[in-house]
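Student:
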């Protein structure tokens, strides 16, 4: 991967996908993410090629897209479950806070009364 700087913190980054160079514009702070994506995509391509060596590039890229879409959907479902669990936990904490006995307080001042 090679990079060249451009205006507004945009870099032109050369990535290699399936043995072919591609130049893409990328925000400076996203170059590392792009590098990881490049490696992951090439790894996926190699895995598919190992399983089906006669596959043409169009079908190869379609399978990569389907795999990535499936992974994104699975992550979305995990995130939704985690968010639902977090909301449930937050609700339970709110309920517990409401029913938790409060320390005795002086009626006039509101100051806590020490337990004896």
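Numbering (our numbering), first residue to last: 172 to 287. Each residue gets a CB set at the ideal place from its N, CA and C atoms; glycine is no exception.
1) From this set, 269, 249 and 219, which residue's C-alpha is nearest residue 237's C-alpha?
2) Please report the straight-line C-alpha distance between residue 198 and residue 283, rounded to a whole angstrom.
3) From the DSSP output, in three-state form, read off residue 226 for me.
4) From the DSSP output, read off the bridge partner residues of residue 193.
5) Under 8 Å between the Cβ atoms of residue 181 and residue 209?
6) Between 216, 240 and 179, which has its C-alpha nearest residue 191's C-alpha?
7) Return the chain-ordered list of same chain residues with a C-beta closer than 7 Å to the C-beta of residue 201, the five sequence neighbours on each side being excluded.
8) What is the DSSP secondary structure of residue 130, reduced to helix, strand or coil?
9) When the Cα atoms are used, what is the spatial distance from residue 224 to residue 203?
10) If you run the structure through DSSP and keep just helix, strand and coil, what is residue 219?
Tutor: Concretely, from the data shown:
1) Here the question's residue 237 lines up with position 66 in the chain shown. Out of 269, 249 and 219, the CA that lies nearest to the CA of residue 237 is found in 219.
2) If you number the chain shown from 1, residue 198 lands on position 27. If you number the chain shown from 1, residue 283 lands on position 112. One Cα belongs to residue 198, the other to residue 283, and the distance between them is close to 56 Å.
3) Taking the first residue of the chain shown as position 1, residue 226 is located at position 55. In this structure, residue 226 counts as coil in the three-state DSSP scheme.
4) The count along the chain shown starts at 1 and reaches residue 193 at position 22. BP columns for residue 193 point to 186.
5) For this step, residue 181 is matched to residue 10 along the chain shown. For this step, residue 209 is matched to residue 38 along the chain shown. Taking 8 Å as the Cβ cut-off, residue 181 and residue 209 do not qualify as a contacting pair.
6) The residue you call residue 191 lines up with position 20 of the chain shown. With distances taken between Cα atoms, residue 191 lies closest to 216.
7) Sequence index remark: in the chain shown, residue 201 carries index 30 (1-based). Excluding sequence neighbours, residue 201 sits near nothing in its chain.
8) Since the first residue shown for the chain is 172 and the last is 287, residue 130 is missing from the structure and cannot be characterised.
9) What you label residue 224 is simply residue 53 of the chain shown in a count that begins at 1. What you label residue 203 is simply residue 32 of the chain shown in a count that begins at 1. So the two alpha carbons sit approximately 30 Å from each other.
10) Walking along the chain shown from the start, residue 219 turns up at place 48. DSSP places residue 219 within a helical segment (H, G or I) once states are collapsed to three.
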